[in-house]
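The opening residue of the sequence shown carries number 68 in the working numbering; numbering runs sequentially from there.
Beta carbons: idealized from backbone N, C-alpha and C, even for Gly.
All figures in this text were calculated on a predicted structure; none of them were measured in a lab.
Quick notes on the structure that follows.
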Amino acid sequence: MKTSINFKAVKSDSETHNFRKKTFDYIRKDLTLKNEYWMEQKIADRIQKIEAYCKEKSGRKLQKNAMPVREAVVVIKENTTMLELQNLAKRLEEELKIRVFQIAIHKDEGHTDKDTKEWKPNYHAHLVADWQDLETGKHSNTNPSIIQKCRISQLNA
């Protein structure tokens, strides 16, 4: 299965949603135990590190409009594993020079079909990535619209 990835600026409540630090009315609590999580670093800590590295490498502060941390939602299958997503993260690092530092697999979101009353799951994963150019210390200038078109075919998503 092919899937596309669209990275956008990370939201202030991403970790709250991704790691289920709060109850949401659109999730099935009985399925939350099926979710999986991997975190190398908290977003606030990574941004602090990015800002310091930018100052060290370039001598300047990170621009206010910079988006050094971005998040993507990837559609997956019910049986997609964390290892497959970590392999996707490695591929993104090789091809785009971005570093995924958080992954959350969600299997508890979806909706109930109005007609059949059947649960329709929305299997997906959140990937949070560091877009800092490690050579310059500035954020990567890779255009997010280019990433929208990035087709990931080797993921058994």
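(message) Tell me the rounded alpha-carbon separation between Ala76 and His178.
(response) 26 Å
(request) Spatial neighbours of His84 within its chain, please: CB distance less than 6 Å, with the 5 preceding and 5 following residues excluded, ordered by chain position. (result) none
(message) Give me, in chain order, the residues of the same chain whose beta-carbon lies closer than 7 Å to that of Lys122; leave out the 5 immediate sequence neighbours on both sides.
(response) If we look at Lys122 and ignore the five residues flanking it on each side, its Cβ neighbours are Lys128.
(request) Taking the CB atoms as reference points, tell me whether Thr99 and Asp182 lie closer together than 8 Å. (result) no
(request) Would you mind giving the Cβ-Cβ distance between Met149 and Glu107, rounded to the nearest angstrom? I have them listed as a contact below 8 Å. (result) Going by Cβ atoms, the distance from Met149 to Glu107 rounds to 13 Å, so no, they are not a contact pair.
(message) On a Cα-Cα basis, can you pick out the residue from Leu201, Asn73 and Lys88 that is closest to Asp80?
(response) Lys88
(request) Use the C-beta contact count for Gln115: other C-beta atoms within 10 angstroms, 16 or more gives buried, fewer gives exposed. (result) exposed
(request) For the alpha helix (DSSP H) containing Tyr120, list its first residue and its last residue. (result) Ile110 to Ser125
(request) Kindly indicate which three-state DSSP category Glu202 falls into: helix, strand or coil? (result) coil
(message) Short of 8 Å in beta carbon distance, which residues of its chain neighbour Phe91, apart from the five on each side in sequence? Order them along the chain.
(response) Only His84 meet the Cβ criterion.
(request) Report the rounded CA-to-CA distance for Glu185 versus Val142, giving the unit in angstroms. (result) 20 Å
(message) Just to check my reading of the structure: His193 and Glu138 have Cβ atoms closer than 8 Å, yes? What is that Cβ distance to the nearest angstrom?
(response) 6 Å
(message) Using a Cβ-Cβ cutoff of less than 6 Å, which residues in the same chain neighbour Gln169 once the five nearest sequence positions on both sides are dropped?
(response) Met106 and Val195
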